[in-house]
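Quick note on numbering: the sequence shown equals residues 5 to 225 in this note's numbering. First up is the structure itself, then whatever we jot down about it.
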Amino acid sequence: MTDIAENITSLKQQIPASVKLVAVSKTKPPSDILIAYNTGQRRFGENRVQEILSKKDLLPSDIEWHLIGHLQSNKVKFIVPFISMIQSVDSFKLLRTIDSEALKINKKIDCLLQIHIAEEETKFGFSMKELDEMAESPEFANLKNVIISGVMGMATFTDKADQVSMEFKYLVNCFNSLKNKYFTDVPEFMEISMGMSGDYNIAIREGSTIIRIGSLIFGER
Ligand SMILES: *Cc1c(COP(=O)(O)O)cnc(C)c1O
Numbered sequence: 005m006t007d008i009a010e011n012i013t014s015l016k017q018q019i020p021a022s023v024k025l026v027a028v029s030k031t032k033p034p035s036d037i038l039i040a041y042n043t044g045q046r047r048f049g050e051n052r053v054q055e056i057l058s059k060k061d062l063l064p065s066d067i068e069w070h071l072i073g074h075l076q077s078n079k080v081k082f083i084v085p086f087i088s089m090i091q092s093v094d095s096f097k098l099l100r101t102i103d104s105e106a107l108k109i110n111k112k113i114d115c116l117l118q119i120h121i122a123e124e125e126t127k128f129g130f131s132m133k134e135l136d137e138m139a140e141s142p143e144f145a146n147l148k149n150v151i152i153s154g155v156m157g158m159a160t161f162t163d164k165a166d167q168v169s170m171e172f173k174y175l176v177n178c179f180n181s182l183k184n185k186y187f188t189d190v191p192e193f194m195e196i197s198m199g200m201s202g203d204y205n206i207a208i209r210e211g212s213t214i215i216r217i218g219s220l221i222f223g224e225r
């Protein structure tokens with residue numbers, strides 16, 4: 005048995021109060037989420053739209069849902085009404101779709117720009133070149149219903165702490181560069197989401213403001 009309540013409580017004792025914890029509940033049943041909720045946890049992360057939709061109505065409405073997985077533009081409309089943050093914005097097209105769906109219901113959606121920092125080819129995310137092109141385009145200036153709140157990244161899945169550390173440093177550099185170039189007047193651009201069960205200590209050391217923890221809380225998937 006995984007003691008979810010104990011895991012989450014001890015994790016919170018270890019991390020600085022300034023670092024936000026997103027409990028990643030993908031593949032886990034609503035009953036597990038409720039145990040975490042009852043310890044006071046409110047931010048939960050899921051990577052699939054269908055799964056979030058099927059769980060959220062069974063759970064308290066003050067849960068802050070974060071989407072952390074690749075999102076297809078045609079599914080944006082299903083989550084915009086309730087999502088708290090979309091951490092996995094990985095294309096300009098997706099960002100524009102979020103903006104237009106949010107406009108329809110007069111909402112503003114917090115978004116993180118996912119940046120490709122890992123060695124692996126398979127991980128989604130922007131390159132810095134793509135981000136510069138996006139941020140300098142006139143269409144970007146016209147977005148009104150997305151709040152760009154920072155960046156998100158996933159390090160390579162490896163035991164090599166040096167490499168993970170370097171990749172997180174790179175993400176922090178990307179954040180600082182974007183902040184200085186395009187977001188100096190945007191106080192909301194302040195989040196660096198990095199760190200999972202295997203590498204959150206390194207991430208915090210490198211300046212993470214949001215960690216996304218699944219298996220360490222809910223057990224192996
Ligand atoms: C699954 C997932 C996590 C959590 O992974 P754990 O190793 O179980 O902590 C974090 N971020 C993203 C984007 C994920 O898909």
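We treat Cβ as the ideally placed atom computed from N, Cα and C, and that holds for glycine.
Own chain, CB closer than 8 Å to residue i, minus 5 neighbours either side, in chain order
{"i": "Leu71", "result": "Gly49, Glu50, Asn51, Val53, Ile56, Ile83, Ile87, Met89, Ile90, Gln91, Ser92"}
{"i": "His74", "result": "Asn51, Ser92, Asp94, Phe128"}
{"i": "Phe187", "result": "Ile152, Phe193"}
{"i": "Lys185", "result": "Asp136, Ala139"}
Enclosing beta strand (DSSP E) for residue i [first to last residue]
{"i": "Glu195", "result": "195-197"}
{"i": "Met132", "result": "Looking at the DSSP string, Met132 is not in any beta strand (DSSP E); the run it does join, the alpha helix (DSSP H), is 132-140."}
{"i": "Arg4", "result": "Absent from the model: residue 4. The displayed extent of the chain is 5 to 225, so no value can be given."}
{"i": "Lys30", "result": "First-last for Lys30: undefined, no H or E at that position."}
{"i": "Arg216", "result": "214-217"}
Range covered by the alpha helix (DSSP H) that runs through residue i
{"i": "Leu63", "result": "That residue, Leu63, is in no alpha helix (DSSP H); it is neither H nor E in DSSP."}
{"i": "Phe187", "result": "Looking at the DSSP string, Phe187 is not in any alpha helix (DSSP H), and its letter there is neither H nor E."}
{"i": "Asn11", "result": "8-18"}
{"i": "Asp103", "result": "96-108"}
{"i": "Ala207", "result": "204-210"}
{"i": "Lys81", "result": "80-83"}
Sequence-distant residues of its chain with Cβ nearer than 6 Å to residue i (five each side left out)
{"i": "Gly129", "result": "Asp94, Gln118, Ile119, His120"}
{"i": "Val80", "result": "Thr101, Ile102, Glu105"}
{"i": "Pro34", "result": "Lys59, Leu62, Leu63"}
{"i": "Met198", "result": "Gly157, Phe172, Leu175, Ala207, Ser212"}
Reduced DSSP category for residue i - H, G, I as helix; E, B as strand; rest coil
{"i": "Met89", "result": "strand"}
{"i": "Leu116", "result": "strand"}
{"i": "Ser153", "result": "strand"}
{"i": "Leu71", "result": "strand"}
{"i": "Thr43", "result": "coil"}
{"i": "Leu147", "result": "coil"}
{"i": "Phe161", "result": "coil"}
{"i": "Phe128", "result": "coil"}
{"i": "Val23", "result": "coil"}
{"i": "Glu55", "result": "helix"}
{"i": "Ser201", "result": "coil"}
{"i": "Ile37", "result": "helix"}
{"i": "Lys111", "result": "coil"}
{"i": "Ile221", "result": "helix"}
{"i": "Glu171", "result": "helix"}
Contacting residues, own chain, Cβ-Cβ under 7 Å from residue i (five flanking each side not counted)
{"i": "Ala165", "result": "Ile206"}
{"i": "Arg47", "result": "Lys24, Leu25, Val26, Ala27, Glu68, His70"}
{"i": "Ser77", "result": "Lys97, Leu98, Thr101"}
{"i": "Ala122", "result": "Met158, Ala159, Thr160, Glu171"}
{"i": "Tyr204", "result": "Ile215, Ile217"}
{"i": "Ile8", "result": "Asp36, Ile39, Ala40, Ile221, Phe222"}
{"i": "Ile109", "result": "Val84, Pro85"}
{"i": "Glu210", "result": "Ser169, Phe172, Lys173, Val176"}
Residue i beta carbon near ligand 3 (any heavy atom closer than 7 Å)
{"i": "Ser22", "result": "Because ligand 3 does not appear in the structure shown, any question about it cannot be addressed here, the ligands present being ligand 1."}
CB contact check: residue i to chain B, cutoff 8 Å
{"i": "Glu224", "result": "Reference to chain B is not applicable here, since this structure consists of a single protein chain."}
So which residues touch the region around ligand 1, with touch meaning a C-beta under 7 Å from any heavy atom? Listed by chain position, these are Val28, Lys30, Gly49, Asn51, Ile72, Gly73, Ser92, Met158, Met200, Ser201, Gly202, Arg216, Ile217, Gly218, Ser219, Leu220, Arg225.
Check whether the stretch 143-163 and the stretch 106-115 touch, using three or more Cβ-Cβ pairs below 8 Å as the test. The answer is yes - the stretch 106-115 touches the stretch 143-163, with three or more Cβ pairs under 8 Å.
Does the stretch 95-112 come into contact with the stretch 173-192, if we say contact requires no fewer than three beta-carbon pairs (one atom in each stretch) closer than 8 Å? When Cβ pairs closer than 8 Å are counted between the two stretches, the stretch 95-112 is seen not to touch the stretch 173-192, the count staying below three.
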